[in-house]
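Enquirer:
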């Protein structure tokens with residue numbers, strides 16, 4: 324699986340900016356390596372510890388939630 328594919332796809336569909344999260348440093352490094360777009364940001368973080376201001380995002384999506 325090409326890491327970061329969902330983030331890149333969302334951007335291609337019109338998202339103005341995208342934040343990709345994962346707990347694995349290796350995963351984030353590999354996703355960054357195949358993503359050239361600067362409007363896509365990747366961070367090492369978990370949803371249980373991530374602190375974001377309210378109403379920061381229009382949509383949130385978990386790629387692996389359905390597996």
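In our numbering, the protein residues as written are 324 to 390. C-beta atoms are modelled at their ideal positions from N, C-alpha and C, and glycine is treated no differently. Note that the structure is predicted; figures quoted are calculated from it, not measured.
Provide the residue span of the alpha helix (DSSP H) that contains residue 335, from first to last.
Expert: Sequence index remark: in the chain shown, residue 335 carries index 12 (1-based). Counting along the chain, the alpha helix (DSSP H) containing residue 335 begins and ends at 328-335.
Enquirer: Evaluate the contact criterion for the stretch 345-361 versus the stretch 325-333: three or more CB pairs, one atom per stretch, below 8 Å.
Expert: These segments touch.
Enquirer: Helix, strand or coil for residue 386? Go by DSSP, reduced to three states.
Expert: Here residue 386 is taken as the residue at index 63 of the chain shown, counted from 1. Residue 386 falls in the helix class under three-state DSSP.
Enquirer: Run the CB neighbour count on residue 365, radius 10 Å, all protein chains shown included, and call it buried at 16 or more, exposed below.
Expert: Position 42 of the chain shown, counted from the start, is the residue given in the question as residue 365. Residue 365 is buried by the Cβ-count criterion.
Enquirer: What residue range is occupied by the uninterrupted beta strand (DSSP E) comprising residue 377?
Expert: Position 54 of the chain shown, counted from the start, is the residue given in the question as residue 377. Where residue 377 is concerned, there is no enclosing beta strand (DSSP E), given that its DSSP letter is neither H nor E.
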